[in-house]
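To convert, take the position in the sequence shown, counting from 1, and add 35; that gives this note's numbering.
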Amino acid sequence: MDPITPRTILPDARVSPRFAGIATFGRYPRLEDVPPERSPVDWVIYGVPFDSGVTYRPGARFGPRAIRDASQYVKRFHVEHGIDLCSILSLADGGDSPVNPFDCEANAGVVHEFAAKLGKAPQTRLLALGGDHSIAFSNIRATWERQGKPQGGLPMIHFDSHVDTVDMTLGERWSHASPFRRAVEAGLLDPKRMLSIGIKGPLNTADDLAYARDNGVTLVTYEQLQREGTATIDRFLETLGETPVYLTFDIDVIDPAYAPGTGTPCPGGLTSGEAFALLRRMRGINVVGADVVEVLPDRDVAQNTALLAGHIAFEILALDAVRRVKNI
Ligand SMILES: [Mn+2]
């Protein structure tokens, strides 16, 4: 490991309280403020304030700000993994991507262009805060490029109520219902190594599931998880080993009882604690890019959803931190 400790300098919360100052994610430094000895950074967290791809309730464009605000209370030491993230990883907030709120496909290009330049490729990994789920495409593309454009695409772990592989909605092929269909078509993702966890619907049509069935995507519905436990997930993780993997987390996989601030809420899903347990179970995987999406602060209650999203992002970063400690 790098001899410079800690890798990320945070304001001391006992001197500079968490409720004061300009809000970066987790109080991490702005990317442009990271000194040379802590560069290139290991992870850049950046916002994508875009929600023109939604099929129901808009407002997730305010997600990045809400998550940053709530993340002031995301602390650095992970109790279950027993690691201090800031001593292991150089972390930074890359600010917000430019967006084009009037054109979903053009927006995918604008966001990719921004993401591609963040940090120093290929070492710097990217965690995008949405925004609606359509923004995942651009971050997946930038991640795939940083991984040397692997033939056949990256594997992906996907938390969501919905499968997001619909071909077209209301004439739009780049909405939040389609990012993974487009990513598979572009060769960025390998559908046979895609695992979708927490699917519950209801869906518009059974056809929504046909894509997964016809292309080898592994689906674990929430009901199935309750009934059968994690056997299918564990098998997937075993075959994955340390292969670089992308992780996408749609906050609507969580029961709206715990995370009401989202645009297409689906009752009866994961509790916050169940989501954390699943993520911690993935200890050992090699996450090379990620996103946390679909936080809609105008529908939130007591900041629950934004706070949870901040902690989900922390859990994802922790997976990489714990892997690096193990590999020393
Ligand atoms: Mn989604």
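For every residue, glycine included, the Cβ atom is placed at its ideal position computed from N, Cα and C. Owing to the predicted nature of the structure, the values given are computational and were not obtained by experimental measurement.
The closest heavy atom of ligand 1 lies 7 Å or more from the beta carbon of H113.
Here V134 is not near V89, since their CB atoms are 8 Å or more apart. Ranked by Cα distance from R216, the options V255, P157, V201 are led by V201. Taking a contact to require three or more Cβ pairs closer than 8 Å, the segment 317 to 325 and the segment 151 to 163 qualify as touching. The straight-line gap separating the alpha-carbon atoms of H346 and V109 is approximately 6 Å.
DSSP places G222 outside any beta strand (DSSP E), giving it a letter other than H or E. Counted as a single uninterrupted DSSP element, the beta strand (DSSP E) harbouring P279 occupies residues 279 to 285.
Distances from the CB of D47 to the heavy atoms of ligand 1 are all 7 Å or more. Rounded to whole angstroms, the separation of the alpha carbons of R228 and T278 is 11 Å.
Following the DSSP letters along the chain, one finds L126 inside the beta strand (DSSP E) bounded by residues 126 to 131. Sequence-distant Cβ neighbours of I44 in its own chain, meaning closer than 7 Å and more than five residues away, are P64.
For the pair P190 and D225, the CB atoms are nearer than the 8 Å cut-off. Taking C-beta atoms under 8 Å as the contact rule, R42 and R73 qualify, at a distance of about 6 Å. Under the Cβ criterion (8 Å, minimum of three pairs), the segment 291 to 298 does not count as touching the segment 266 to 276.
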